[in-house]
Amino acid sequence: MKNLKLASLETAKQTVVNVAGVKIGQDLAVIAGPCSVESEAQTLETAHAVKAAGADMLRGGAFKPRTSPYAFQGLGMGGLKILAKARQETGLPIVTEVIDPRDVSWVAEFADILQIGTRNMQNFSLLKEVGRAGKPVLLKRGMHSTLEEWLNCAEYILSEGNPDVILCERGIRTFEKYTRNTLDLSAVPAIKEMTHLPIIIDPTHSTGRLSLIAPMSLAAVAAGADGLLVEVHCNPQMAMCDADQALTPDMFTNMMQRLRPLRSFMDQLPLK
Amino acid sequence: MKLEEIRRKIDKIDRELLVLLQERMGLALRTKKFKGSVSDPQREAELLARAERMNLDLVERSFTRQLLKTIIEESKRLQEEDRKLVAFQGEHGAYGEVAARSLVPSGAYIPCLEFIDVFKGVEESIIDLGVVPVENSLEGAVTQVNDLLTTTSLKVIGEAKVPVSHCLLATEVTDYREIRVVYSHPQALAQCRGFLMRNKLEPRPFYDTAGAAKMLARENPKAAAAIASSLSAELYDLEIIKEGIEDGPSNTTRFLLLSREPYTNDGDKTSIIFATAHEAGRLFSVLRLFAEANINLTRIASMPLRSDPNNYCFFLDFEGNEQNEKVASVLQQMEDLTISMKNLGSYPMDQIPS
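Residue numbers (my numbering), protein chains in the order written: chain A, 1 to 272; chain B, 273 to 626.
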């Protein structure tokens, strides 16, 4: 841990990343939206729906890292323009992934938070680039990575002068096949012992099962997570990727109605 | 050449043809001010004969004749429409044209090289109306225009506050990642300096924002983009890569609509220019009149007199109509307190907050 000059707990107080009034690391921040920006209509409809349900920010991929080169790769710059329009209409800040160091400055012109995906967690040239982009970074945990490796990647971003790093646990690979990955919920309290950076949970990619998203989201809040990153699609059957794991607006609304009260309840519990 | 490359060239030529056609129609509209009727058979015959003298093996004479006749018919139809000719400074797509379009919605917008061409065109009745920028919220007064206002015989009949929202434009085939240089007017480049630095783009000064967009559309230089209005993107078929790339909060430019005849309806704002003798308290005594009559001033600016650099003239805009009793009385009293005094007229205020 001695390499973590900026990320370790002893080096700073709890980091609060303030994005247009949403305080990640202090309030429960819920980031919701489609896996991919597919069209203006789909993105705007979903954005209005998640806003109505009480989401704090909108997620949506314009550049998609896909397992197959023949799968839908995202709308690119066109997708960013649609996200900018969704922000204009709903006021929700935008979280979107960047996968190419050449795109970082351009994506930063449109996004409020730059997301580094699980497959790019250790793409060090990309990490350095987002460290210089002047926008908060949401760093997903590599699906094969230890917590210490993860924090070293955060250190790359911090060491470029960007203090606003948000960690996101999205499940790791185990031998269990029922779920897509195994959500490592113990990472939440563990990370809080190791670093001052906020940590949020992605219940969608970690479980890959609709029925597990709400229970694991509630569990994440109970474990002390600073927020959630969850996929919602206005019409999941028609989604161009992750169709079988995106919540409908109704399911998301229902989940939100349970999440906020649970967080309020947790806040009232006496400190140990 | 590959098919794709050939098609790119064809697209470029089509775009150029349309831009040139737009220019030709504008010029044709202007000829009407010089001739009695729309139709001029002798001129048409000359035009067709000249084109037929050219020996182009792929463009047959019968086709040339048909094409030119179609163009002439269309330009005659436009002339019959009786659109108001509205002059602005700059190329098509300039912020002056954005202002002209909002002030005179169904006009024909005539680009002029210099501000003085706008003034002269209207003064000499070869143009109906003129649109000129008088001040910018960041850069201050447009001195050339203010100077011309002191000597013109024209009246102000309207104003428009246009938000200057710069767009990064490129041709459809340009990949944003390949852009290295950005052409625009130095002032626009300066207002977008942060954006250019963040994306490692080299600014290249150009004579005009819309001119840079036009050049891009016509020449399509490699790895290049332009900063101009979104209207320029529409006019030259360019892609908007990003809107609102200026660093500061968007600035506005205030434009005036000029005419030979004063505004006939009830304007609620008045512009005057005056000079006072170089004596203590002279300016104060003028301003006191407005204060005592409880008239709100919306602009006060001073400019050295070209004829007498040691002396200044003052530009004053205020709320109220010149016919209004209170205003008329103040203007009357000003006669004795100033050495020169010019009333540009009363006109409707643009209510858009700047």
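Every residue gets a Cβ at the ideal spot worked out from N, C-alpha and C, and that includes glycine. Since this is a predicted model, take the numbers as computed values, not measurements.
>> Excluding the 5 residues flanking Leu6 (chain A) on each side, which residues of the same chain have their C-beta closer than 7 Å to its C-beta?
In response: So the list reads Glu155, Leu158 and Ser159, once near-sequence residues are dropped.
> Among residues of its own chain, excluding the 5 on either side of Leu550 (chain B), which ones have a beta-carbon nearer than 7 Å to its beta-carbon?
Replying inline: The residue asked about is misnamed: residue 550 (chain B) is His in this sequence, not Leu. Excluding the 5 residues flanking it on each side, His550 (chain B) has same chain C-beta neighbours closer than 7 Å at Asn583, in chain order.
> Out of curiosity, what's the CA-to-CA distance linking Pro458 (chain B) and Pro475 (chain B)?
Replying inline: Taking the CA atoms as reference points, Pro458 (chain B) sits about 8 Å from Pro475 (chain B).
> Can a CB atom of chain D be found closer than 9 Å to the CB of Ile513 (chain B)?
Replying inline: Of the protein chains in this structure, namely A and B, none is chain D.
>> Threshold first: 4 residues or longer. Then list the alpha helix (DSSP H) segments lying entirely within the region 369-451 of chain B, N to C.
In response: If we require 4 residues or more, the alpha helix (DSSP H) runs fully inside the region 369-451 of chain B come out as 387-395 and 415-423.
> Can you tell me the Cα-Cα spacing of Glu346 (chain B) and Arg315 (chain B), whole angstroms?
Replying inline: Answer to the nearest angstrom: the Cα atoms are 16 Å apart.
> Does the beta-carbon distance from Ala146 (chain A) to His205 (chain A) come in below 9 Å?
Replying inline: In the sequence on display, residue 146 (chain A) carries Thr and not Ala. Result no, Cβ atoms of Thr146 (chain A) and His205 (chain A) do not sit closer than 9 Å.
>> Give me the subset of the region 102-127 of chain A whose CB atoms are less than 9 Å from a CB atom of chain B, sorted by chain position.
In response: From the region 102-127 of chain A, only Arg102, Asp103, Ser105, Trp106, Ala108, Glu109 and Phe110 have a Cβ closer than 9 Å to chain B.
>> Could you tell me the alpha carbon to alpha carbon distance between Lys341 (chain B) and Arg296 (chain B), rounded to whole angstroms?
In response: One C-alpha to the other measures close to 14 Å.
>> Run through chain A and tell me which residues come within less than 8 Å of Asn471 (chain B), C-beta to C-beta.
In response: Near Asn471 (chain B) (Cβ distances below 8 Å), the residues of chain A are Ser105, Trp106 and Glu109.
> So what does DSSP say about Glu474 (chain B), is it helix, strand or coil?
Replying inline: When secondary structure is reduced to three states using DSSP, Glu474 (chain B) falls in the strand class.
> When burial is assigned at 16 or more other CB atoms within 10 Å of the CB, is Gln361 (chain B) buried or exposed?
Replying inline: Classification of Gln361 (chain B): buried, given that the 10 Å Cβ count is 16 or more.
>> So, for Ser626 (chain B): in the same chain, excluding its five sequence neighbours on each side, which residues have a beta-carbon less than 8 Å away from its beta-carbon?
In response: The pLDDT assigned to Ser626 (chain B) is 42, lower than 50, so where the model puts this residue is not dependable; a value taken from the coordinates is nonetheless given after this. Hits under 8 Å: Ser409, Lys433, Thr524 and Arg526.
>> Assuming the contact rule is C-beta atoms closer than 8 Å, Ala111 (chain A) and Val95 (chain A) should be a hit. Round their C-beta distance to whole Å, please.
In response: In this structure, Ala111 (chain A) and Val95 (chain A) form a Cβ contact; the two beta carbons are roughly 7 Å apart against a cut-off of 8 Å.
> Taking Cβ positions only, does Gly91 (chain A) come closer than 9 Å to chain B?
Replying inline: By this cut-off, Gly91 (chain A) is not an interface position.
> Given that Met77 (chain A) touches chain B, what residues does it touch there, using C-beta distances under 8 Å?
Replying inline: Simply Tyr448 and Ile513.
> When the cut-off is 9 Å and only beta carbons count, does Gly161 (chain A) lie next to chain B?
Replying inline: It does not; no Cβ of chain B falls within 9 Å.
>> Would you call the region 185-199 of chain A in contact with the region 2-22 of chain A, where contact means no fewer than 3 C-beta pairs closer than 8 Å?
In response: In short, these stretches touch, since the Cβ pair count reaches three.
> By DSSP, does Met57 (chain A) sit in helix, in strand, or in coil?
Replying inline: Met57 (chain A) falls in the strand class under three-state DSSP.
> Once you ignore the five residues that flank Asn162 (chain A) on each side, which residues in its own chain have a CB closer than 6 Å to its CB?
Replying inline: A distance below 6 Å between beta-carbons, with the five flanking residues on each side excluded, links Asn162 (chain A) to the following residues of its chain, in chain order: Gly131.
> Using a Cβ-Cβ cut-off of 7 Å (strictly less than) and excluding sequence neighbours within five positions of Gly327 (chain B), which residues of its own chain qualify?
Replying inline: Residue identity differs from the one stated: residue 327 (chain B) is Asn in this sequence, not Gly. None.
>> Let me check understanding here. Comparing Cα to Cα, which of A:Met57, A:Glu149, A:Val104 and A:Val221 lies closest to Met121 (chain A)?
In response: Comparing alpha carbon positions, the residue from A:Met57, A:Glu149, A:Val104 and A:Val221 closest to Met121 (chain A) is A:Glu149.
>> At the 9 Å Cβ level, is Ile499 (chain B) part of the contact set with chain A, yes or no?
In response: With 9 Å as the cut-off, Ile499 (chain B) does not count as an interface residue toward chain A.
> Thinking just about the alpha-carbon of each residue, which of A:Lys81, A:Val232 and A:Gly76 is nearest to the one in Arg102 (chain A)?
Replying inline: Of the listed residues, the one whose Cα sits closest to Arg102 (chain A) is A:Gly76.
>> If you reduce the DSSP assignment to three classes, tell me which class Asp27 (chain A) lands in.
In response: In this structure, DSSP gives Asp27 (chain A) an extended state, which the three-state scheme calls strand.
> Just checking my contact of Leu588 (chain B) with Ile544 (chain B) at CB under 8 Å: how many whole Å lie between their CB atoms?
Replying inline: Confirmed, Cβ separation roughly 5 Å.
>> Going by the DSSP bridge assignment, what does Lys514 (chain B) pair with across the sheet?
In response: Answer is B:Leu440.
> Counting Cβ pairs, one atom from each stretch, are 3 or more of them under 8 Å apart for the region 42-61 of chain A and the region 245-256 of chain A?
Replying inline: Yes, since at least three Cβ pairs between the region 42-61 of chain A and the region 245-256 of chain A fall closer than 8 Å, the two stretches touch.
>> Here's a check: name, in chain order, each residue in its chain whose Cβ is nearer than 8 Å to the Cβ of Leu292 (chain B), leaving out the five neighbours to either side.
In response: Once the five neighbours on either side are set aside, Leu292 (chain B) has no close Cβ partner at all.
>> Looking at the secondary structure, which residues open and close the beta strand (DSSP E) in which Pro270 (chain A) lies?
In response: No beta strand (DSSP E) holds Pro270 (chain A); DSSP gives it neither H nor E.
> What is the DSSP secondary structure of Ala549 (chain B), reduced to helix, strand or coil?
Replying inline: Ala549 (chain B): coil per DSSP, three-state reduction.
> Cβ atoms of Leu401 (chain B) and Gly379 (chain B): under 9 Å apart, would you say?
Replying inline: Yes, the Cβ-Cβ distance between Gly379 (chain B) and Leu401 (chain B) is below 9 Å.
> Between the C-alpha atoms of Lys2 (chain A) and Leu139 (chain A), what's the straight-line distance to the nearest angstrom?
Replying inline: Each residue's Cα considered, the two are about 21 Å apart.
> Along the chain, where does the alpha helix (DSSP H) that runs through Gly483 (chain B) open and close?
Replying inline: From DSSP, the alpha helix (DSSP H) with Gly483 (chain B) extends over Thr481 to Glu491.
> Since Met575 (chain B) sits in a beta bridge, which residues does DSSP pair it with?
Replying inline: Per the DSSP secondary-structure output, Met575 (chain B) pairs in a beta bridge with B:Cys585.
> Does DSSP put Ala7 (chain A) in a helix, a strand or coil?
Replying inline: Reduced to three states, the DSSP call for Ala7 (chain A) is coil.
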